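Under this note's numbering, the first residue of the sequence shown carries the number 246, and numbering increases by one thereafter. We treat Cβ as the ideally placed atom computed from N, Cα and C, and that holds for glycine. Keep in mind that this is a model prediction, so the values were computed, not measured.
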Amino acid sequence: MTALFSALNSVAEETKSAYATVDWSVAETLIALEQPPLAVGDVKSYQTWVKKPQLPKDTIDLGVRLQPNVEQIATLSHSLNQQSLTFIHSNFYTALNEKFAPYGKVYNVEFYKEGNAWGNVVAATQKIGNIIGKPQAVHQLLAKYEQDIARYRPLLQKFTERPIALVQFIDTRHLRIYGENSLLGAVIRQLGFKNAYLPEVNTWGFQNIDITELAKLPSNTRFVVIKPYPNNIATALTHNTLWQHLPLAKEPLILPAVWTFGAIPSAQRFIGIFANGLLQGGETW
246 MTALFSALNS
256 VAEETKSAYA
266 TVDWSVAETL
276 IALEQPPLAV
286 GDVKSYQTWV
296 KKPQLPKDTI
306 DLGVRLQPNV
316 EQIATLSHSL
326 NQQSLTFIHS
336 NFYTALNEKF
346 APYGKVYNVE
356 FYKEGNAWGN
366 VVAATQKIGN
376 IIGKPQAVHQ
386 LLAKYEQDIA
396 RYRPLLQKFT
406 ERPIALVQFI
416 DTRHLRIYGE
426 NSLLGAVIRQ
436 LGFKNAYLPE
446 VNTWGFQNID
456 ITELAKLPSN
466 TRFVVIKPYP
476 NNIATALTHN
486 TLWQHLPLAK
496 EPLILPAVWT
506 FGAIPSAQRF
516 IGIFANGLLQ
526 GGETW
């Protein structure tokens, strides 16, 4: 409750508009557009899966994203005086619209749907910019992203002869593998790389595969693992005969956590994480 009133006092002092979201992609976008949300769903898990951009320390935790704390929302809404609370989230959370509607305006954006993954993310970002009245900030965000691509692309050219497999371990036998039409797939393509996984992917840009399917990837594939993953993965792989015989298992590139279902800020952060991993070496299991 102390955090709630601290946030409200900050709002009053800075006359910020009041935005709330259960959607981490919206949250990171609002922060990047310098309009950080007052309240976000599942703050602790955001710090594990998204990490950066960091949420302000006084961010109110709305609880589980699919089951937010309505009491907290009501208290926040009623304490804003003349300010109105605005909720923004993707269509994945549209079931919550009726819960939020009594407490403020509700907007839905769609980062992930049928069509071009990168184009969808850009369009959703532009919509958020229009909602908060900062379309120019979106132009600046996209320009900075393009500058980073242009800066790193020549530095990474010597690595582009090997296709990239972008994965996250679900458990010791199953992985999410990200295809060309995904957020991070778009990033590596813009950096000049080919994706090792060419089959169709879902609207979130990935497919779940069994570890045995890694044998179907090109023999020169660079295997890129994005954290977090279950604690027993490294031990399990040392006892997996198939894994031990895969060429891609010899030098996996382990990268820190980045929100693979994110927006422009996650894509931009991945540029640096991926580049630093290739140029300086990744993390350890």
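- When the five nearest sequence neighbours on each side are left out, the beta carbons in the same chain lying within less than 6 Å of the beta carbon of Ile377 are those of Gln280, in order along the chain.
- Where His490 is concerned, there is no enclosing beta strand (DSSP E), although the alpha helix (DSSP H) around it starts and stops at 486-490.
- The three-state secondary structure of Gly378, taken from DSSP, is coil.
- Val354 and Thr370 have their alpha carbons spaced roughly 8 Å apart.
- Rounded to whole angstroms, Ala441 and Leu321 show a C-alpha spacing of 47 Å.
- For secondary structure counted as the beta strand (DSSP E) over 3 or more consecutive residues, the region 366-426 holds these complete runs in sequence order: 409-414, 419-423.
- Lys289 and Asn336 have their alpha carbons spaced roughly 23 Å apart.
- Judged by beta-carbon spacing, Gln292 lies beyond the 8 Å limit of Leu307, meaning their Cβ atoms are not closer than that value.
- Rounded to the nearest angstrom, the gap between the Cα atoms of Ala263 and Lys296 is 22 Å.
- Using a Cβ-Cβ distance cut-off of 8 Å, the region 475-485 and the region 356-364 are not in contact, since fewer than three pairs of beta carbons, one from each stretch, lie closer than that value.
- CA-to-CA, the gap between Leu401 and Ala520 works out to about 7 Å.
- Judged by DSSP in its simplified three-state form, Phe515 adopts helix.
- Taking all protein chains shown into account, Pro444 has fewer than 16 neighbouring C-beta atoms within 10 Å of its C-beta and is therefore exposed.
- Between the region 411-429 and the region 379-393, the count of C-beta pairs closer than 8 Å stays below three; the two stretches do not touch.
- With a cut-off of 8 Å on Cβ pairs, the region 459-470 is in contact with the region 486-503, counting three or more such pairs.
- For Ile454, the enclosing beta strand (DSSP E) has its first and last residue at 451-455.
- Lys350 is bridged by DSSP to Thr331.
- Phe506 carries a coil assignment under DSSP once its states are collapsed to helix, strand and coil.
- Around Gly450, the same chain offers Ala362, Tyr423, Gly424, Asn426, Ser427, Leu428, Gly430 as residues with beta carbons nearer than 7 Å, after the five sequence neighbours per side are excluded.
- Secondary structure note for Leu428: its alpha helix (DSSP H) is the uninterrupted segment 428-435.
- Looking at the DSSP output, Val469 bridges to Leu411, Leu498.
- Taking a contact as a CB-CB distance under 8 Å, the pair Arg398 and Leu436 counts as one, their CB atoms being some 5 Å apart.
- Excluding its 5 nearest sequence neighbours in each direction, Ala382 has C-beta neighbours in its own chain below 7 Å: Leu278, Glu279, Gly374, listed in chain order.
- Following the DSSP letters along the chain, one finds Tyr291 inside the alpha helix (DSSP H) bounded by residues 288-294.
- Annotation: Pro501 to Tyr338 spans about 27 Å, alpha carbon to alpha carbon.
- Within the same chain, Cβ atoms closer than 8 Å to the Cβ of Asn477 are found at Thr417, the five residues on either side in sequence being excluded.
- Taking every protein chain shown into account, the CB of Trp269 has 16 or more other CB atoms within 10 angstroms, so this residue is buried.
- Beta-carbon to beta-carbon, Phe332 and Tyr352 are separated by about 7 Å, close enough to satisfy the 8 Å threshold.
- Checking the DSSP bridge columns, you'll see Asn440 partnered with Ile409.
- Taking the CA atoms as reference points, Ile456 sits about 22 Å from Thr448.
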